[in-house]
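The opening residue of the sequence shown carries number 1 in UniProt numbering; numbering runs sequentially from there.
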Amino acid sequence: MMRPAKATTAHNCTCIWRLNEHATHRRTLSMNDFLHPHDGDLQGLSSDTLAVRAGTRRTPFNEHSEALLLTSSFCFDSAAQAAERFADSENSFTYSRFTNPTVSMFQDRLAALEGGEACIATASGMSAILSIVLSVLQAGEHIVSSRSLFGSTLGMFAQMLPRLGITTTFVDPSDLQAWRDAVTPATRMFFVETPSNPLTEVSDIEAVSRIAKQAGALFVVDNCFCSPALQQPLKLGADVVMHSATKYLDGQGRVLGGALVGPRQLLMEKVFPFVRSAGPTLSAFNAWVLLKGMETLHVRLERQCANALELARWLEAHPAVNRVFYPGLQSHPQHVLARRQQRAGGAIVSFELKGDSPEQLRANAWRVIDGTRICSITGNLGDTRTTLTHPATTTHARITPQARAAAGITEGLIRMSVGLEGVDDLKRDLERGLNG
């Protein structure tokens with residue numbers, strides 16, 4: 001009589017999965033099932049630790065890395081339970097356009113880093129801005145915004161929102177009286193990037209916050225250039241912090257993502273219903289990549305900020321450069337303010353070349369960009385790799401020449417997002433075009 005063959009490891013694993021399936025297939029999991037047993041221990045820990053540990057939940061398999069749950073929907077034990085879960089969709093897993101465990105972990109980690117009550121993740125930074133605007137404002141209402149903004153944000157505020165009856169007044173971000181003068185009875189929101197894209201203008205968050213509160217307006221701060229590793233706007237008076245998670249939170253140029261951090265009541269009662277219905281939802285895969293990126297946020301930015309400061313000083317002394325825009329330089333108009341509200345100058349260095357005409361300025365800028373061999377020519381920023389962008393013909397090309405001029409964006413301006421390369425290598429890479 002032949003002995004039965006021993007079960008293979010693969011067969012045993014399959015059996016374990018099937019047994020687990022049999023035991024749990026009639027029990028659906030709620031958010032509470034994913035609470036990490038040591039979440040309470042994270043209270044009072046440093047930002048560095050929160051970037052690695054906050055928000056982590058484990059499935060019954062007790063995995064170490066956060067679980068990537070790629071599913072469009074979730075199953076229920078009964079029709080009655082399905083009805084119950086859909087009635088409380090913000091606190092239950094029903095459909096990944098509403099909530100997803102991996103996305104929830106990302107949201108909780110970012111909320112912890114920013115010191116906020118809650119976070120809503122979106123598919124991109126621009127969808128985060130659109131979500132907060134359309135959740136809070138309606139036709140006939142008004143925004144006061146910094147004039148120094150990312151090109152797509154400028155385009156949305158100046159060209160798209162007016163079609164919906166929402167108007168915007170753009171002001172010099174450093175002129176506090178201009179903020180006060182722009183307020184109307186219809187003003188419902190203040191919006192600012194600090195530091196701004198691409199000129200790194202720094203706004204006084206505390207001072208603008210006081211003006212917004214006097215006006216009864218929601219104060220939204222785009223924290224993309226700093227990330228919570230360098231700046232926490234909520235602690236300075238902002239109501240909501242907005243992120244393009246595509247940038248420093250990922251840090252390696254892999255995925256798109258956006259987020260809003262702020263009061264739980266506002267986000268759950270206003271923003272969540274909009275995101276749930278309109279669908280600008282962050283995917284589980286992108287959320288998982290962002291979770292991994294955030295683990296190295298602080299160590300990346302420490303090196304990137306050091307590289308940026310050295311490059312900014314070097315560029316400021318170069319004869320081909322007219323002006324350098326970097327908050328870490330003493331020559332920056334808001335240097336003292338930046339030292340007060342940021343932990344470092346950041347990793348974005350913008351610089352303007354010399355030239356006698358717009359055509360000459362553009363030619364000089366393109367020569368520097370095209371002369372590089374290490375730097376990447378791309379519109380993204382916040383990457384481990386240094387990137388170069390000519391804002392006038394890329395990120396800000398779709399806004400009017402008048403709007404570009406008002407924002408101080410000239411044909412000779414280059415935005416450099418400084419990465420982790422050797423700083424001497426980057427100097428030599430830029431020098432080819434600067435000395436040409």
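Even glycine gets a Cβ: it sits at the ideal position worked out from N, Cα and C.
Keep in mind it's a predicted model, so treat the numbers as computed, not measured.
Item, Value
"DSSP beta-bridge partners for Gly258?", "Thr122, Ser244"
"Measuring straight from C-alpha to C-alpha, what distance separates Ile166 and Leu137?", "8 Å"
"Quick check on the DSSP output: the beta strand (DSSP E) that includes Arg188 runs from which residue to which?", "187–193"
"With distances taken Cα to Cα, identify the nearest neighbour of Glu201 among Ala87, Arg367, Cys226, Asp88.", "Cys226"
"Can you name the residues that DSSP bridges to Glu352?", "Arg323, Leu413"
"Does residue 438 come out as helix, strand or coil in the three-state DSSP assignment?", "Not covered by the structure: residue 438. The range shown for the chain is 1 to 436."
"From which residue to which residue does the beta strand (DSSP E) around Phe170 run?", "167–171"
"Would you list the residues sitting across from Phe219 in a DSSP beta bridge?", "Phe190"
"By how many angstroms is the C-alpha of Thr378 removed from the C-alpha of Ser145?", "27 Å"
"Grab me the residues of Leu256's own chain with a C-beta within less than 6 Å of its C-beta, minus the 5 sequence neighbours each way, in chain order.", "Ser124, Thr246"
"Helix, strand or coil for Thr394 per DSSP?", "coil"
"Does the segment 380–387 come within contact of the segment 232–247, defined as at least 3 CB pairs closer than 8 Å?", "yes"
"Hey, out of Ala182, Leu218, Asp370, Gly55, whose CA is closest to Gly114's CA?", "The sequence as given places Glu at residue 114; Gly does not occur at that position. The residue with the shortest Cα to Cα distance from Glu114 is Gly55."
"Does the distance from the CB of Ser209 to the CB of Ala178 come in under 8 Å?", "no"
"Assuming Ala229 and Leu290 form a contact by the criterion Cβ under 8 Å, report the distance between their Cβ atoms to the nearest whole angstrom.", "Actually they do not touch by this definition, with Cβ atoms about 14 Å apart."
"Determine, using beta carbons only, whether Ala407 and Arg147 come nearer to each other than 8 Å.", "yes"
"Leaving aside the five residues before and after Gly436 along the sequence, list all residues of the same chain whose C-beta is less than 7 Å from its C-beta, in chain order.", "Arg367, Gly371"
"Buried or exposed: where does Phe74 fall if 16 or more other Cβ atoms within 10 Å of its Cβ makes it buried?", "buried"
"CB Glu193 to CB Phe150, shorter than 8 Å?", "yes"
"Could you check what DSSP says for Leu311 in three-state terms: helix, strand or coil?", "helix"
"What is the DSSP secondary structure of Ile132, reduced to helix, strand or coil?", "helix"
"Do you know how far the Cα of Ser203 is from the Cα of Thr169?", "16 Å"
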